[in-house]
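Undergrad:
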Amino acid sequence: MTAAIEKNTARRRLPKHVSPYIFALYMATIMAFLMSLVITFAEFGIGPHYMENVMNAYQVAMPAAFVCILVVRPIVVRLVGLTVHGH
109 MTAAIEKNTA RRRLPKHVSP YIFALYMATI MAFLMSLVIT FAEFGIGPHY
159 MENVMNAYQV AMPAAFVCIL VVRPIVVRLV GLTVHGH
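Numbered per this note's numbering, the sequence shown spans residues 109 to 195.
Below is the structure:
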């Protein structure tokens, strides 16, 4: 990578202290969408309005998932620390 490309990449990155929030955002976005797909399928099956129903469910699931991940992440990190040997 050239110095100019490295400089542009570094400029577009967010500071390290926002990592838990970015992690929660990505995790919530992906998991809420996948769960909306699965739960909508299980509840209604695949029909002509399947994706519309999925997106309606996603509008509720995504913000809820984001908040839940922010709350649960520190607990999970602690539990992993208690159950996994460090090097």
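In this text, a Cβ means the ideal position worked out from N, Cα and C, and glycines have one as well.
Mapping DSSP to helix, strand and coil, what is Ile183?
TA: helix
Undergrad: Quick check on the burial criterion: 16 or more other C-beta atoms within 10 angstroms. Buried or exposed for Thr191?
TA: Here Thr191 is exposed, its C-beta having fewer than 16 other C-beta atoms within 10 Å.
Undergrad: Determine whether the beta carbon atoms of Ala169 and Met143 lie at a separation below 8 Å.
TA: yes
Undergrad: In the DSSP assignment, find the alpha helix (DSSP H) that holds Leu145 and state where it starts and stops.
TA: Following the DSSP letters along the chain, one finds Leu145 inside the alpha helix (DSSP H) bounded by residues 127-152.
Undergrad: Going by other Cβ atoms of all chains shown within 10 Å of its Cβ, with 16 needed for buried, is Phe131 buried or exposed?
TA: exposed
Undergrad: Roughly how many angstroms lie between the CA atoms of Gly155 and Thr137, to the nearest whole one?
TA: 24 Å
Undergrad: Please state the DSSP three-state secondary structure of Gly189.
TA: helix
Undergrad: Could you tell me if Ile183 is buried or exposed, where buried requires 16 or more neighbouring beta carbons within 10 angstroms of its beta carbon?
TA: exposed
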